[in-house]
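Chains as they are written, first to last, in my numbering: chain A, 1190 to 1301; chain B, 42 to 155.
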């Protein structure tokens, strides 16, 4: 069964600090891995998309890594800001938009 | 990119009634989907909305409970029928661009059934 596991479930850090969120998956076949940010009361917004051949991808202060051999990904947030408070969802695609497996997300809270 | 809007943004409904959620995209999208997100859970795909034909439902979801329409490339509706408290959830509309990597989500409709 395809699964995406995220850790930690929730995280609280101080503004300005860095943090790393983890995603482990057992999805086959594998096409791409996506990280989304979901603000409270909003729909998910794409941060990064990585295919099998990509090891790292950045989007501003967000850097995602992918190890396709160990089926692990991480999302690193640098110099956190209050606006980073949100849920971060890891999504793995087996090909086609209808073949997505969603993680439960990591709920991140940035404290001033 | 595509901007997706949904109406209503939230509603409180009595059990046994039905609610229709509207999804409007500001540009043409290739595929449209409806998801459900229960508290603390990941998104679950309900169905793929097909233009001009019956939607394709995932296991556990049926047309009688969740009828879907997609009369054109930019609009779709999801009806939650004969609601029970277990239907309380956030319902999200989604669409993909020409490249299916590009997937956009609406803001969601928060439904509470009492």
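A virtual CB, placed ideally from N, CA and C, is assigned to each residue, including glycine. Just so it is clear, the structure is predicted and the values come from calculations on it, not from any experiment.
Helix, strand or coil at residue i according to DSSP, with G and I counted as helix
i	result
residue 112(B)	strand
residue 1273(A)	helix
residue 128(B)	helix
residue 142(B)	coil
residue 1268(A)	coil
residue 1223(A)	strand
residue 1193(A)	strand
residue 183(B)	Since the first residue shown for chain B is 42 and the last is 155, residue 183(B) is missing from the structure and cannot be characterised.
residue 1228(A)	coil
residue 1246(A)	strand
residue 66(B)	strand
residue 1278(A)	strand
residue 1256(A)	strand
residue 136(B)	strand
C-beta atoms of residue i and residue j nearer than 8 Å
i	j	result
residue 1201(A)	residue 1266(A)	no
residue 120(B)	residue 107(B)	yes
residue 62(B)	residue 118(B)	yes
residue 1260(A)	residue 1215(A)	yes
residue 111(B)	residue 90(B)	yes
Environment of residue i [buried if 16+ CB atoms lie within 10 Å]
i	result
residue 82(B)	exposed
residue 1292(A)	buried
residue 1197(A)	exposed
residue 1233(A)	buried
residue 1192(A)	exposed
residue 96(B)	buried
residue 1238(A)	buried
residue 136(B)	buried
residue 1241(A)	exposed
residue 1315(A)	Limits of chain A in this structure are 1190 at one end and 1301 at the other, which puts residue 1315(A) out of reach.
residue 57(B)	exposed
residue 1322(A)	This structure leaves residue 1322(A) out entirely; chain A is present only between 1190 and 1301.
Nearest-angstrom beta carbon gap, residue j and residue i [assumed within contact, 8 Å]
i	j	result
residue 1210(A)	residue 1263(A)	7 Å
residue 122(B)	residue 59(B)	5 Å
residue 65(B)	residue 116(B)	6 Å
residue 1194(A)	residue 1269(A)	Not really, about 23 Å apart at Cβ, beyond 8 Å.
Neighbour flag for residue i against chain C, beta carbons, 8 Å
i	result
residue 146(B)	Absent from the structure is chain C; the protein chains it does hold are A and B.
Contact between the segment 42-52 of chain B and the segment 1268-1280 of chain A (3+ Cβ pairs under 8 Å): Too few Cβ pairs lie closer than 8 Å, so no.
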